[in-house]
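Following: one structure in structure tokens, then a few remarks.
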Amino acid sequence: VFSGAPGSTPQMRFAVLDCEDAVKWDGHAIALSRLLSRAGERWEHFRCWNDERPAVVDLPTYAGLVVTGSHHGCNDAHAWIGNLRAFLRHVVEEHPRVRILATCFGHQLLAQALGGAAGPNPGGAFVLRRESLECEDAMLERDDFRAAAAMFPPSGAASEGLRRIRVVESHGDCVTSLPPGATLLASSSTAAVEAFAVGDVALAWQGHPELSADAVERKILPFIASLSAEEKEASVASWNTGGRDDALLLVAMARGFLRGGTCDGDDAEVVTRHYECADEIFLNMTSVTSTSVTSLADAAEATFLRVSDALRADVDAVSAEFRHLAAMNQSAGARYAAIGRKVGDAHVFADKVRKVQETGIAPQLARLEEIEASVGSLESVANALDARCAELERRFARVVNGEVGNA
Numbered sequence: 386v387f388s389g390a391p392g393s394t395p396q397m398r399f400a401v402l403d404c405e406d407a408v409k410w411d412g413h414a415i416a417l418s419r420l421l422s423r424a425g426e427r428w429e430h431f432r433c434w435n436d437e438r439p440a441v442v443d444l445p446t447y448a449g450l451v452v453t454g455s456h457h458g459c460n461d462a463h464a465w466i467g468n469l470r471a472f473l474r475h476v477v478e479e480h481p482r483v484r485i486l487a488t489c490f491g492h493q494l495l496a497q498a499l500g501g502a503a504g505p506n507p508g509g510a511f512v513l514r515r516e517s518l519e520c521e522d523a524m525l526e527r528d529d530f531r532a533a534a535a536m537f538p539p540s541g542a543a544s545e546g547l548r549r550i551r552v553v554e555s556h557g558d559c560v561t562s563l564p565p566g567a568t569l570l571a572s573s574s575t576a577a578v579e580a581f582a583v584g585d586v587a588l589a590w591q592g593h594p595e596l597s598a599d600a601v602e603r604k605i606l607p608f609i610a611s612l613s614a615e616e617k618e619a620s621v622a623s624w625n626t627g628g629r630d631d632a633l634l635l636v637a638m639a640r641g642f643l644r645g646g647t648c649d650g651d652d653a654e655v656v657t658r659h660y661e662c663a664d665e666i667f668l669n670m671t672s673v674t675s676t677s678v679t680s681l682a683d684a685a686e687a688t689f690l691r692v693s694d695a696l697r698a699d700v701d702a703v704s705a706e707f708r709h710l711a712a713m714n715q716s717a718g719a720r721y722a723a724i725g726r727k728v729g730d731a732h733v734f735a736d737k738v739r740k741v742q743e744t745g746i747a748p749q750l751a752r753l754e755e756i757e758a759s760v761g762s763l764e765s766v767a768n769a770l771d772a773r774c775a776e777l778e779r780r781f782a783r784v785v786n787g788e789v790g791n792a
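Last residue of the sequence shown? That's 792 in the working numbering, and every number before it is there in order.
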């Protein structure tokens, strides 16, 4: 859980739906919370790649959800991807007051969730460059875009007005068709759907305004094996020439969208400060060392996530055995109940024996011996279950105390 201002009373609740499990991005949810938060808000982190999501029953308490990018593809056959896709569809259809901001992978997954399509880039080439987006009238008419553009006029405003904006992009897939009822906001030469909106509920784009050129060059460029050396040089040149891009404009727009479409309370200085804070975290999150921007709480959060990941397998194994033990206990309970009924029948029989003195009772006495043998067998099973439960409790205590791997 992250707070926009330590010690403040939470007023609005947001969540980062983290879709990236690569170690080099460990801590990016913290950076995104710093980028988009305001004082007094509550920001939570759900590792969707571990199948974590906000509880459906809690959705009415959220003001907004932020769906991140990922090195995974939107069509990869991971169960968590399908589960997140269904979750996003449910949020839009059943909880329209919860706003969804989705970027890159999240942009593609949201389009699919709502009936659109996403797949490999046209031509199959990986896009890593500063892209030029052509904005539709629907973008120019949005209150959050206009307010953001007033703070950060587009880099090409002098010659092209507000129609064209530039942002760094990194993607092998893109949205290939809009969802029914969605509104196209921007397009480019490499993606027909660069940005779209669904009413006041969802805002999605392909680009990465949250990342500076330095962050992209350090965290993404060295790892794209499909690009040749010449293509990588062209990528670097695209964001090192031509002046600034429009990342801050889109960040300001995102902040406004999440709070009802208004940028009230933000100005250029506030947005820039949040952007620089997030960028510092992005650039240094491979080693979570303290900086003037990264707090001890941030470092503790990242460390806790790594430790919890290391312990997850052991905890899951012990939990599975406890579930198995519970099932065995339930089965044993049913057998006890059956034996109990047999014992009750035996008492009735014994009473009859006392009243009827006749010689044809040998089969019934044999039945009593069978019941006694069953009771003895069940007691042995119960003792074995008790011993196994005690062993599991000792193992669970070792996990909780950090003694993972000890005999």
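C-beta: ideal position from N, C-alpha, C; glycine also.
Taking C-beta atoms as the reference points, ALA622 and VAL553 fail to come closer than 8 Å. Only exposed fits HIS463, as fewer than 16 other CB atoms lie within 10 angstroms of its CB. Excluding the 5 residues flanking it on each side, SER611 has same chain C-beta neighbours closer than 7 Å at PHE511, in chain order. Judged by DSSP secondary structure, PHE490 falls within the alpha helix (DSSP H) whose first and last residues are 490-498. In this structure, ALA639 lies near LEU421, with their beta-carbon atoms less than 8 Å apart. Burial is judged here by how many other beta carbons sit within 10 angstroms of a residue's own beta carbon; GLU764 has fewer than 16 and is exposed. Your pair ILE485 and VAL452 checks out as a contact, with CB atoms roughly 7 Å apart and the cut at 8 Å.
Cβ neighbours of ARG474 within its own chain (closer than 7 Å, five residues either side excluded): ALA498 and LEU499. DSSP links LEU518 through a beta bridge to ILE550. VAL442 counts as exposed, since fewer than 16 other beta carbons sit within 10 angstroms of its beta carbon.
Secondary structure at ARG484: strand, using DSSP grouped into helix, strand and coil.
In terms of Cα proximity to LYS409, the closest of ARG780, ILE666 and TRP590 is ILE666. In the structure shown, VAL586 falls within a coil segment according to DSSP collapsed to helix, strand and coil. The way I'd put it, the region 465-482 doesn't touch the region 571-580; fewer than three beta-carbon pairs between them come closer than 8 Å. One thing to note: ILE609 has its Cβ within 8 Å of the Cβ of LEU513. Assigned with DSSP and collapsed to three states, THR561 falls in strand. In the DSSP assignment, LEU473 falls within the unbroken alpha helix (DSSP H) covering 464-479. PRO507 is classed as exposed because its beta carbon has fewer than 16 other beta carbons within 10 Å across all chains shown. Shown here, THR626 sits in coil according to DSSP, grouped into three states, outside any helix or strand. ARG780 has its alpha-carbon roughly 59 Å from the corresponding atom of PRO539. Here LEU606 carries a helix assignment [DSSP, helix/strand/coil]. Taking the Cα positions, SER418 is about 9 Å away from PHE399. With a cutoff of 8 Å on beta-carbon distance, GLY454 and THR488 are scored as near each other.
The beta carbon of ARG548 lies closer than 6 Å to those of CYS520 in the same chain, with the five residues before and after it left out. The alpha-carbon separation between ARG551 and GLU429 amounts to approximately 30 Å.
Between GLY641 and ALA532, the C-beta gap is smaller than 8 Å, which places the two residues in contact.
Assignment of THR453 by DSSP, reduced to helix, strand and coil, places it in the coil class. Taking a C-beta distance under 8 Å as the contact criterion, ASN468 and ASP436 qualify as a contact pair. Under the three-state reduction of DSSP, THR657 is assigned to helix. When only Cα atoms are considered, SER555 and ASP649 end up about 31 Å apart.
In the three-state reduction of the DSSP assignment, LEU570 falls in the strand class. No residue range can be given for GLY509, since it is assigned to no alpha helix (DSSP H) and is classified by DSSP as neither H nor E. Per the DSSP secondary-structure output, ALA502 pairs in a beta bridge with SER562.
Just measuring C-alpha positions, the residue of HIS457, ARG726 and GLY566 sitting nearest ASP585 is GLY566. Beta-bridge annotation (DSSP): VAL578 is paired with VAL560.
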